[in-house]
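Residue numbers (the working numbering), protein chains in the order written: chain A, 1 to 276; chain B, 1 to 276. Beneath this line is the structure, given in C-alpha cells, with notes to follow.
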C-alpha cells in the first residue's frame, strides 16, 4: 500500500493509500482516518461506501466525520465506488460503469472482469486494513445513496461480519427503481432471480441475523419518490420482524450537507455497537 | 439578491445568493449559513474570507463550520475571493486576477475597475447582510491564507467595525513575501508606501484599537517559511503591544483539514466576543 496523502486532522491523520486490488484486478484508492487513539492500541473500523459519481475523496472532504471518529476512537475507511483505469470497462452515463459499481459482483460481460466491489468490500479490504493498521476485527458499515444500498446489502448478506450497519438516503429496493434496474440488468443480466442477493428488501426475507438497521432520509430529497422509496424498507422490516430505526428529516436533501448533519449520530451509534 | 442554493444543514440553512455588487461592478456569489436560532431573533455575523483559487464554495463544503455556528447561534457569511466574469480583468496565474483579489482596493489598470474587495467586504456586504437577514451589527471576521491576510488587514484598518478577528495560516506580511509582492505590484503599483495599509504587520504600527488577534498556524504548512512567516506577526504585535494568541500546531498543513480541525474553537471565540 502506497501512502499518497497524509494530513493531520482533529489530532489524528487523514491518509489516502493506493494499492493493487487482486479482487478488482486494478489499482484503487482507499482513505483511512486514524484517530489519535490509534497511537495507543487497536480500534474498531467503520467502512464508508459513497454514492454515484464519488471517489474516496467526497466523504473525507465533505462529511466532517473525522471530528466524531476522533471523539469516539473509531478508524474510518472510505473507498472508491468502482474499479477504475484504462483497462476497466466504462459507460458514458453517470449511473453505470466507473463511479457506479453498485457494490455487487458483476457476472455479465464486459463488467465481470473487474466489477467485484462486493467481494472487495466484504473480504479483501477488511483483511488488508486489519493486517496493516491498528484495527480490531470489530467492523461497522455505512454509506450514502448507492453506498447506503451497498452497506445494507453487504451487511445482510454476510452475517457475523459486521457489528453495526447504517445508511443515509439508501437505494433500499434497487430491483424496483430505475437506477437499480439499469445497473442490475447490465451487471447481472436480465434474470431477476440473480438480483435478489443485491436488494436489501429481498435479503431481509431470509436474513439469518437481526442486525439493527439505522437509516436517515431527508424528506426534501430529490430522489425520494423515484429511486429511494424508504417505505419499501419499512414494509420489508415489518414483514421480517427486523429491527429498523428509520428517521425522516423534514427539509433535508440528498447532499453531503445532510450527511454532515447526522454523521456524528451514526458514528456514535456504530462506536457503541462495535465496542459493546 | 437571488437565492441559488438552499440546503438544510444542522437544523438551519446553508444558502448561496447571487447579487450585483455596485462596489465590484459585477455579479458575485455569497454563501449565508443561517443557524436554527435565526428563526427566533437577530444574530451576530462571522465573515469568512477564503484563500487563493477559492470561491464561496470551498469553506461551506469543507470546513464543517455549520455545526459550530448552529451550536453558538452565529450567522456565517462566506464570499468569493475576487470579482469575476467576462468583463473582469484576469491573469492565467493562480495567484493574480480572478480567484486572487487579495482583499484590497486596486489602483492600477486594468485591475482598478473591479478589484475593490476591501470596500466590498468592509462596507457593501455588511450593509446588505444586515438589511436582508436577521443579523445584528455585531461582526466578526476570519479567513484562511490570503483570506487570513484579508481578515487581519480589514479589521485593523476599520477600528470599531468588528468585535473579533481571527485567521488560519495567514499571509501576515504580504509586502515581504512573493505572493504579496507580486499581487501588490500589480494591483497597487511599485510605490511601496501604498502597500502599507494592506499589510497586517505595517498596520499594527498605527492600530488605534487593541482588538485581540487569534491566529492558528500548522507547522507542516508547505508555505510556512516562504509566504506566511508568522514570526513577523509575533514581532509586530510585541513591538506594538498588541494582544496576540498565536498557536503553532505540529503536523498540520495548509489544507482545509487544518481549518476543519480548529474552526470550532474560532467560532466559539468569535461568538463570545460578538455576544459579550
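Even for Gly, the Cβ is constructed at its ideal location relative to N, Cα and C.
Chain-ordered chain A contacts of residue i [CB-CB under 8 Å]
i                     : result
residue 14 (chain B)  : 257
residue 64 (chain B)  : 64, 67 and 260
residue 220 (chain B) : 8
Distance CB(residue i)-CB(residue j) smaller than 8 Å
i                     : j                     : result
residue 183 (chain B) : residue 95 (chain B)  : yes
residue 244 (chain A) : residue 229 (chain A) : no
residue 199 (chain A) : residue 173 (chain A) : yes
residue 169 (chain A) : residue 142 (chain A) : no
residue 253 (chain A) : residue 216 (chain A) : no
residue 34 (chain A)  : residue 75 (chain A)  : yes
residue 24 (chain B)  : residue 149 (chain B) : no
residue 77 (chain B)  : residue 4 (chain B)   : no
residue 171 (chain A) : residue 121 (chain A) : no
residue 274 (chain A) : residue 132 (chain A) : no
residue 72 (chain B)  : residue 268 (chain B) : yes
residue 45 (chain B)  : residue 135 (chain B) : yes
residue 47 (chain B)  : residue 139 (chain B) : yes
residue 64 (chain B)  : residue 67 (chain A)  : yes
residue 31 (chain A)  : residue 14 (chain A)  : yes
residue 79 (chain A)  : residue 125 (chain A) : yes
residue 99 (chain A)  : residue 54 (chain A)  : yes
residue 147 (chain B) : residue 22 (chain B)  : no
residue 293 (chain B) : residue 178 (chain B) : Not covered by the structure: residue 293 (chain B). The range shown for chain B is 1 to 276.
residue 69 (chain B)  : residue 258 (chain A) : no
residue 157 (chain A) : residue 205 (chain A) : no
residue 256 (chain A) : residue 29 (chain A)  : no
First and last residue of the uninterrupted beta strand (DSSP E) at residue i
i                     : result
residue 31 (chain B)  : 26-34
residue 17 (chain A)  : 12-21
residue 195 (chain A) : That residue, residue 195 (chain A), is in no beta strand (DSSP E); it is neither H nor E in DSSP.
residue 78 (chain A)  : 75-79
residue 46 (chain A)  : 43-49
Chain B residues whose Cβ lies nearer than 8 Å to that of residue i
i                     : result
residue 253 (chain A) : 7 and 8
residue 61 (chain A)  : 61, 62 and 256
Helix, strand or coil at residue i [DSSP, three-state]
i                     : result
residue 245 (chain A) : strand
residue 235 (chain A) : helix
residue 202 (chain B) : helix
residue 180 (chain B) : helix
residue 297 (chain A) : Since the displayed chain A opens at 1 and closes at 276, residue 297 (chain A) lies outside it and no answer follows.
residue 9 (chain A)   : strand
residue 2 (chain A)   : strand
residue 214 (chain B) : strand
residue 225 (chain A) : helix
residue 167 (chain B) : strand
residue 240 (chain B) : helix
residue 40 (chain B)  : coil
residue 252 (chain B) : coil
residue 83 (chain A)  : coil
residue 188 (chain A) : helix
residue 207 (chain B) : coil
residue 71 (chain A)  : helix
residue 220 (chain A) : coil
residue 175 (chain B) : helix
Chain-ordered neighbours of residue i on chain A, where CB pairs are closer than 9 Å
i                     : result
residue 145 (chain B) : What residue 145 (chain B) touches in chain A: nothing, since even the nearest Cβ is about 16 Å away.
N- and C-terminal bounds of the alpha helix (DSSP H) containing residue i
i                     : result
residue 269 (chain A) : 256-275
Residue i beta carbon near the ligand NAP (any heavy atom closer than 7 Å)
i                    : result
residue 98 (chain B) : No copy of the ligand NAP occurs in the structure displayed, which carries no ligand at all.
TODO: Could you name each continuous alpha helix (DSSP H) segment of 4 residues or more that falls completely within the segment 87-136 of chain A, going from the start of the chain to the end?
DONE: You should have 125-132.
Task: Minimum length 3: unbroken beta strand (DSSP E) runs contained in the segment 133-165 of chain A - done: The beta strand (DSSP E) runs lying completely inside the segment 133-165 of chain A and spanning 3 residues or more are 135-143, given in chain order.
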